[in-house]
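These notes are about the structure you will find just below.
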Amino acid sequence: MLSWFLPVQSESQLTYEIEIANNPEFSSATVYDNIAQLNAQLSGLNEGEYYWRVRSKTNSESSSYSTPANFKIGSVTSIEEDEELKLSYNLEQNYPNPFNPVTTIKYSIPEASFITIKVYDMLGREVKTLVNEEVNAGNHKLTWKGDNNYGQKVSSGTYLYRISAGNYNEVKKMVLLK
């Protein structure tokens with residue numbers, strides 16, 4: 001969509017004319033005429049760089065053209081494809097942190113992998129296994145309810161959580177406050 005503004009108020013009934021070309025000299029320009037509003041939706045343009053300018057018109061006169069501007073039309077990549085291109089191993093900080101009684105942990109893996117995510121106390125003892133399975137590539141999230149492998153609530157304190165996927169390992173801290 002192209003849009004512009006009117007630099008001064010006019011008492012006259014105005015229409016607008018847009019010129020679009022693939023060069024700044026506007027040779028072989030396409031003209032869109034009798035546009036009644038301050039914007040225009042254009043379609044049918046091929047990939048490439050375009051230059052455009054606009055002028056106002058009354059029944060009897062035309063203004064000079066505006067200063068030219070340019071825009072580019074390129075191929076569209078879907079959001080899903082962009083996310084896949086940027087996807088890498090990542091373990092995010094849990095939220096909320098500190099937490100009570102539940103926290104969320106997000107992680108990303110670029111390819112299907114067998115992963116483990118475990119929670120440890122500050123002495124390095126395993127408290128809870130959150131994930132221990134093959135996981136598809138993508139962005140994932142899980143919650144921890146502040147319990148151990150036996151379903152018992154753990155005490156307030158600082159805990160570590162660790163992801164292991166192939167050669168990737170990362171550890172982060174989280175705090176449970178009661």
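Its first residue numbered 1, the sequence shown is counted upward by one per residue in the UniProt record's numbering.
Heads up, the beta-carbon is just placed ideally off N, CA and C, and yes, glycines get one too.
Since this is a predicted model, take the numbers as computed values, not measurements.
- [ ] Could you check what DSSP says for glutamate 83 in three-state terms: helix, strand or coil?
- [x] Per-residue confidence for glutamate 83 stands at a pLDDT of 48, beneath the threshold of 50, marking its modelled position as unreliable; no derived number is given.
Open item on the list: Let me confirm a value: glutamate 84 is counted as buried when at least 16 other C-beta atoms fall within 10 Å, else exposed. Which label applies?
Closed with: Caution is warranted here: a pLDDT of 45 is assigned to glutamate 84, below 50, making its placement in the model unreliable, and no coordinate value can be reported.
Open item on the list: Please identify the residue among Val135, Leu177 and Ile117 whose C-alpha is closest to the C-alpha of asparagine 149.
Closed with: Ile117
Task: Which residues DSSP lists as bridging tyrosine 50, in chain order - done: Phe71
Task: Spatial distance of leucine 42 from isoleucine 20 (CA atoms) - done: 10 Å
- [ ] Can you give me the Cβ contacts of glutamate 126 inside the same chain, cut-off strictly under 8 Å, excluding the 5 residues immediately before and after it?
- [x] Lys118, Val119, Tyr120 and Asn149
Open item on the list: Rounded to whole angstroms, what is the Cα-Cα separation between alanine 165 and lysine 128?
Closed with: 17 Å
Task: Closest by C-alpha distance to threonine 143, when choosing among Met174, Ser156 and Phe71 - done: Met174
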